[in-house]
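Visitor: Quick one: structure below, then a few questions.
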Amino acid sequence: MSERDPGGWRPPQGAIRNRRLDRTVREASLGYLLVLPAVFVFGVFVFYPLIKTAYLGFFSSPPAPNLPAHYVGLSQYGHVLGSSELRDDLWRSVQFVLLTVPAGIAIGIALAVLANQRLAGIRIFRTIYSSTIATSTAVASVIFLTLLNPQVGLLNYWLGRKGGAGLLQSSAWALPSVSVVTIWQNIGFTFILMSAALQSVPDELLEAARTDGASAWYRFGHVTMPLLSPMIFFAGIVGVIGGFQAFGQIDILTQGGPDNHTLVLIYDVYQQAFQYDNFGYAAVLSVSLFAILLVLTFVQFWYFQRRVFYAN
Amino acid sequence: MPTERSRLTARLVVRRVSRYLLLISVAAVVLFPIYITVVDALLPSQKIGSRPPTLFPLHPVWSSFSLAFNEAHLGTYLRNSFIVTVAITAAELVTSVLAGYAFAFLRFPFRSVLFVVCLATLMVPMEATIIPNYRTVEALGWYNTFPALIVPFVGSGIGVFLFRQAFRGVPKDLRDAATLDGYGHLRFLARVVLPLNRPVIAAFSIYAFLAAWNQYLWPLIVTQTDNVRTVQIGLRQLSSTNFNQLDVVFAGTILAALPIFVLLLAFQKQLVRGLTAGAVKG
Amino acid sequence: MSGDSTPVTDQVASTFSPERLASSVGLEGVSKYYDDVPAVKELTLDAGAGEFLVLLGPSGCGKTTVLRLVSGLEDPSAGAIRIGDQVVNDVDPKDRDVAMVFQSYALYPHLSVARNIEFPLRSRQVPATERRHLVEEVAKSLRLEQLLGRKPAQLSGGQRQRVALARAIVRRPRAFLMDEPLSNLDAQLRVEMRAELVELHARLGITILYVTHDQVEAMTMGDRVAILDQGELQQVDTPAVVYDRPANSFVAGFIGNPPMNIIRGTLGSVNDTLSVRLPGGSLPLPPPLASVARSLGLDQLVVGIRPEDVNVVGTESVGSARPPVEHGRGTLEAVVSLVELVGHEQHVACRLRSGELVWVRTTNDSMPRRTGEHVLLQTNENIHLFDPATSARIDV
Chain C
6 MSERDPGGWR PPQGAIRNRR LDRTVREASL GYLLVLPAVF VFGVFVFYPL
56 IKTAYLGFFS SPPAPNLPAH YVGLSQYGHV LGSSELRDDL WRSVQFVLLT
106 VPAGIAIGIA LAVLANQRLA GIRIFRTIYS STIATSTAVA SVIFLTLLNP
156 QVGLLNYWLG RKGGAGLLQS SAWALPSVSV VTIWQNIGFT FILMSAALQS
206 VPDELLEAAR TDGASAWYRF GHVTMPLLSP MIFFAGIVGV IGGFQAFGQI
256 DILTQGGPDN HTLVLIYDVY QQAFQYDNFG YAAVLSVSLF AILLVLTFVQ
306 FWYFQRRVFY AN
Chain W
21 MPTERSRLTA RLVVRRVSRY LLLISVAAVV LFPIYITVVD ALLPSQKIGS
71 RPPTLFPLHP VWSSFSLAFN EAHLGTYLRN SFIVTVAITA AELVTSVLAG
121 YAFAFLRFPF RSVLFVVCLA TLMVPMEATI IPNYRTVEAL GWYNTFPALI
171 VPFVGSGIGV FLFRQAFRGV PKDLRDAATL DGYGHLRFLA RVVLPLNRPV
221 IAAFSIYAFL AAWNQYLWPL IVTQTDNVRT VQIGLRQLSS TNFNQLDVVF
271 AGTILAALPI FVLLLAFQKQ LVRGLTAGAV KG
Chain P
10 MSGDSTPVTD QVASTFSPER LASSVGLEGV SKYYDDVPAV KELTLDAGAG
60 EFLVLLGPSG CGKTTVLRLV SGLEDPSAGA IRIGDQVVND VDPKDRDVAM
110 VFQSYALYPH LSVARNIEFP LRSRQVPATE RRHLVEEVAK SLRLEQLLGR
160 KPAQLSGGQR QRVALARAIV RRPRAFLMDE PLSNLDAQLR VEMRAELVEL
210 HARLGITILY VTHDQVEAMT MGDRVAILDQ GELQQVDTPA VVYDRPANSF
260 VAGFIGNPPM NIIRGTLGSV NDTLSVRLPG GSLPLPPPLA SVARSLGLDQ
310 LVVGIRPEDV NVVGTESVGS ARPPVEHGRG TLEAVVSLVE LVGHEQHVAC
360 RLRSGELVWV RTTNDSMPRR TGEHVLLQTN ENIHLFDPAT SARIDV
């Protein structure tokens, strides 16, 4: 006890140690420990395979699985990247995206506008229009597989193609049909996005345009659409990235046929790697697909960053 | 006067009715595939292909559902999907929360670098990694097992990002106060940070659940037998093998879609918030 | 508390007994650098056991840093922090037995008032019944019993402040650290809470380290006031001494409302009296001060005069001739620049011929002044001198 400390205070046992160093070491150790699980998984299942895929492209695959792969360096890359097969795959992917994304967004906007009216019970319709978000690719594809079935499919029947070739079996209509399935599956998602954007358009702006004598179409074109454009861009870029990665519907509906007409790039990767054991070739295809998606993702991020910047 | 008023009212009524008609017809088109699936699931299989088509089941037959569930293994597929999806969601949640906390509250060398690494995973699509991952899984002896379906997805780049952002919103004073109150980092995380961030946790969980449930390509290549097959691949299996039992296929489709319908109905609000957060507000 | 074996009732009673076991708090040569920027420079300061020490200064002076150093939330770059006789540099914040009340209160938004107050007890393995008891006692002493079930968002500013206080008190710490706790309250509430805090201090006998930038708070609440500027201690003493004998021109210019007037002049002789001469007048120095000034051989001087030590005299009342210099009364010509009506008095700002501004406090019954009016300022002998080079007070 002393004058400064009548209570004779002491800190608890073991409380004194070299705090500064200790604290820093403790904090850093805890930090590493907490990020370790995520980073480790990323390392093993994202970054290592990414590099490995590129590396696999340097090997041409053996005719039989038990033989070692044969190192060919960049020649396989050169060969594949210049090949017509890759060009065709790419073209089909692009076609698919062109068929799917713009139409999907247009439908989303139309539905959003439709469901934005102040009518009694409108919420029911909004729920209905969003409902396809609950359908997975497999669910949507299986439904349409049967609907487009040549023998028993209802859609096929209504389109007057009873018996004979179904839409999915026609070279001309196979890819568009897969597109339609994808569009249908995405209606819910696009609707929700466009609806949210639409509802953020301030009423005052539209009312001001109305008092200025603008017709409904004019208002839509010159007030609503510009304000929707950020969301349209967002939905567009997400749609394009998704379009290049669309796999399940092709696997279930056409398996790349008929006659390779739905053989998009990603499906070719799958076929080459897992059906023909052609790993090296598939790796190169994979890398090209990755390159495309990387560019698109950069665009998405760059745009996202800009928006965040403006919002702040 | 009366005629003019009634003409106006008539016009309004017509306009209103036509609006509803439009809404209804569009809804019908959107719902049609689902509707017909439900109908055909309840029809005996012979009637499905009949012409003219039966659009309403007068005598619903429920047996196709139990057939789909049992004989066609949809029950097993659903169980597998649940196991895998719940495991992935839980794992992603845990790893993302822990990493997010570390990035938000702790200081350690190369912290920014590691954060960028986590973000960078968002740039890498599945297609770029699928071949070596398949080989890794094979080498580990996990082919056709649950670990193969779960372990590669234990980390989530978007989860780390989301939680770091959310946790940075916790006022620094609270951390100081908790330190003086005797709370170390983990207890602070559990007792203060997490309770304050329930909406983000809910939104992320739903997103992660959906994403994991809907996975297709990866489960396709790493599973081979029914005991681990998830419902998406199971459905594919169903449609290709039970080709002549269309009512069972339809019933299976309904069963496969049902859990998500229920989930989304219950969490509509969080879902919309989660989807639009990245786009509208930025 | 670990190692403490007194029974519950004694602990509770001792929370509120006058001979509360408080410790002194001290800093010895403490410096704190953030990268290369010094926040605190070789500070030595002591608060005795049970003392209410106020840390006063403008923003950025380092007062909050001092608090964080004492609490352990920051580590000093040099020097020792003491609690009682113990050097605690190496002791974790939670083991230092100090409690902090934050400017923002830092209440846990998701917890009720009761749980907020209880929070520090839960981590120290205090049994549940004891916790409840302590929470109730503290809540009662701060008039919070009705609010125990509410969440912070449902409370007013004053109520939240009391919850923050309760949370600090419930731990029965050795010292309290308060970081501008009243600055978020409206003026009236602030006055009420000031009185409450002083009363609390008297009742509990705790050591309080109180940070503020409001010198009225400092002067009315503290046993002693420590004034800091840019990380350096300027003066530490009782409010009376700080007011009457500021240690340097910074302190002089900081304390008081309006603060002390600081003007410059040259040392010279006026009518055989050593005075400070400025354009427009002169201020005679009292003999003891005059001899010190002469012996220091200073040419230029910095003078401090409190607004209440100055009188404003209109030129009409003295005619056109300059009045003779009364012994001890300085005279300065000035023009009225601004008149502020402050309740029962006026604050008049007058611009000297040298361009400097002098504030004068006058009561409302003296003649009202108008802007632009030419006046004479008359000072009494309460003149403070400061060294122009070091700013330090020149004393006899």
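Chains as they are written, first to last, in my numbering: chain C, 6 to 317; chain W, 21 to 302; chain P, 10 to 405.
Heads up, the beta-carbon is just placed ideally off N, CA and C, and yes, glycines get one too.
(1) Answer yes or no: the CB of F263 of chain P versus the heavy atoms of the ligand ATP, is any distance below 8 Å?
(2) Taking 8 Å as the limit between beta carbons, can you name the residues of its chain near A401 of chain P, skipping five residues before and five after?
(3) Can you name, in chain order, every residue of its own chain whose Cβ lies under 8 Å from the Cβ of D308 of chain P, other than the five neighbours on each side?
(4) Could you round the C-beta distance between L213 of chain P and L287 of chain P to whole angstroms and report it? I think they count as a contact, below 8 Å.
(5) Classify W189 of chain C as helix, strand or coil using the three-state DSSP reduction.
(6) Could you give the distance in angstroms between the alpha-carbon of L206 of chain P and the alpha-carbon of R128 of chain C?
(7) Helix, strand or coil for K160 of chain P per DSSP?
(8) Of all Cβ atoms in chain W, is any one closer than 9 Å to the Cβ of Y82 of chain C?
(9) Can you give the beta carbon distance from A222 of chain W to Q290 of chain W, rounded, assuming they're within the 8 Å contact cut?
(10) Rounded to a whole number of angstroms, what is the C-alpha to C-alpha distance between L347 of chain P and V245 of chain P?
(11) Check for me: the beta strand (DSSP E) holding T199 of chain W runs from which residue to which?
(12) With a threshold of 9 Å between beta-carbons, can V44 of chain C be considered close to chain W, or not?
(13) Do you know offhand how far A261 of chain P's Cα is from L237 of chain P's?
(14) So D318 of chain P and N373 of chain P are supposed to be a Cβ contact under 8 Å. How far apart are they, rounded?
(15) Which two residues bound the contiguous beta strand (DSSP E) that contains E189 of chain P?
(16) So, does the CB of D27 of chain C fall closer than 9 Å to a CB anywhere in chain W?
(17) When we look at the beta-carbon of V369 of chain P and count the other beta-carbons within 10 Å, is it buried (16 or more) or exposed?
(18) CB-CB under 6 Å to S86 of chain W, same chain, minus the five flanking residues each way: which ones, in chain order?
(19) Here's the rule I'm using: 16 or more other beta-carbon atoms within 10 Å means buried, otherwise exposed. How should A108 of chain P be labelled?
(20) Out of W:R27, W:V269, W:S26, point me to the one whose CA is closest to A145 of chain C's CA.
(21) Excluding five sequence neighbours on each side, which residues of the same chain lie with their C-beta closer than 7 Å to the C-beta of I274 of chain W?
(22) Of all Cβ atoms in chain C, is any one closer than 9 Å to the Cβ of Y227 of chain W?
(23) Got a sec, what are the start and stop residues for the alpha helix (DSSP H) N342 of chain P sits in?
(24) Run through chain W and tell me which residues come within less than 9 Å of Q122 of chain C, C-beta to C-beta.
(25) Using the Cα positions of F89 of chain W and L78 of chain W, report the straight-line distance between them to the nearest angstrom.
(26) Quick test of the definition: if touching needs 3 or more C-beta pairs under 8 Å, does the segment 203 to 217 of chain W touch the segment 105 to 123 of chain C?
(27) Can you have a look at Q185 of chain W and say buried or exposed, based on whether 16 or more other CB atoms are within 10 angstroms of its CB?
(28) Kindly say whether T142 of chain C, judged by its beta-carbon, lies nearer than 9 Å to any beta-carbon of chain W.
(29) So E382 of chain P and G323 of chain P are in contact, right, with Cβ under 8 Å, and what is the actual spacing, rounded?
(30) Determine the extent of the beta strand (DSSP E) in which H383 of chain P is found, giving its start and end residues.
(31) Going by CA-CA distance only, name the one from P:R303, P:R315, P:H210, P:P377 that's closest to G59 of chain P.
(32) Do you know how far the Cα of T199 of chain W is from the Cα of L203 of chain C?
(33) If we cut at 9 Å on Cβ distances, does W162 of chain W have a partner in chain C?
(34) Which stretch, first to last residue, makes up the alpha helix (DSSP H) that contains T245 of chain W?
(35) Taking the alpha-carbon of E112 of chain W as reference, which of W:F224, W:F52, W:L285 has the nearest alpha-carbon?
(36) Does any C-beta atom of chain P lie closer than 9 Å to the C-beta of Y121 of chain W?
Guide: According to the structure data:
(1) Absent from the structure shown: the ligand ATP. Ligands present: none.
(2) A256, N257, F395
(3) T275, L276
(4) With a Cβ gap of about 51 Å, L213 of chain P and L287 of chain P do not count as contacting.
(5) W189 of chain C falls in the helix class under three-state DSSP.
(6) 56 Å
(7) Of the three classes helix, strand and coil, the one that applies to K160 of chain P here is coil, per DSSP.
(8) Answer no: the Cβ-Cβ gap between Y82 of chain C and chain W never drops below 9 Å.
(9) 5 Å
(10) About 33 Å.
(11) Taken as a continuous stretch (DSSP letters only), T199 of chain W belongs to no beta strand (DSSP E), being part of the alpha helix (DSSP H) at 192 to 200.
(12) yes
(13) 12 Å
(14) Contact flag wrong, Cβ pair sits at about 19 Å.
(15) Note, E189 of chain P: premise wrong, no beta strand (DSSP E); not H, not E.
(16) Not an interface residue.
(17) V369 of chain P counts as buried, since no fewer than 16 other beta carbons sit within 10 angstroms of its beta carbon.
(18) none
(19) buried
(20) W:V269
(21) T57, V58, A61
(22) No, Y227 of chain W lies away from the interface with chain C (no Cβ there is under 9 Å from its Cβ).
(23) What sits at residue 342 of chain P in the sequence shown is Glu, not Asn. No alpha helix (DSSP H) holds E342 of chain P; the beta strand (DSSP E) holding it covers 339 to 351.
(24) R39, L43
(25) 23 Å
(26) no
(27) Classification of Q185 of chain W: exposed, given that the 10 Å Cβ count is below 16.
(28) yes
(29) 7 Å
(30) 383 to 388
(31) When each option's Cα is compared against that of G59 of chain P, the closest is P:H210.
(32) Near 46 Å, if we compare the C-alpha coordinates of T199 of chain W and L203 of chain C.
(33) no
(34) T245 of chain W -> no alpha helix (DSSP H), and no H or E assigned at all.
(35) W:F224
(36) no
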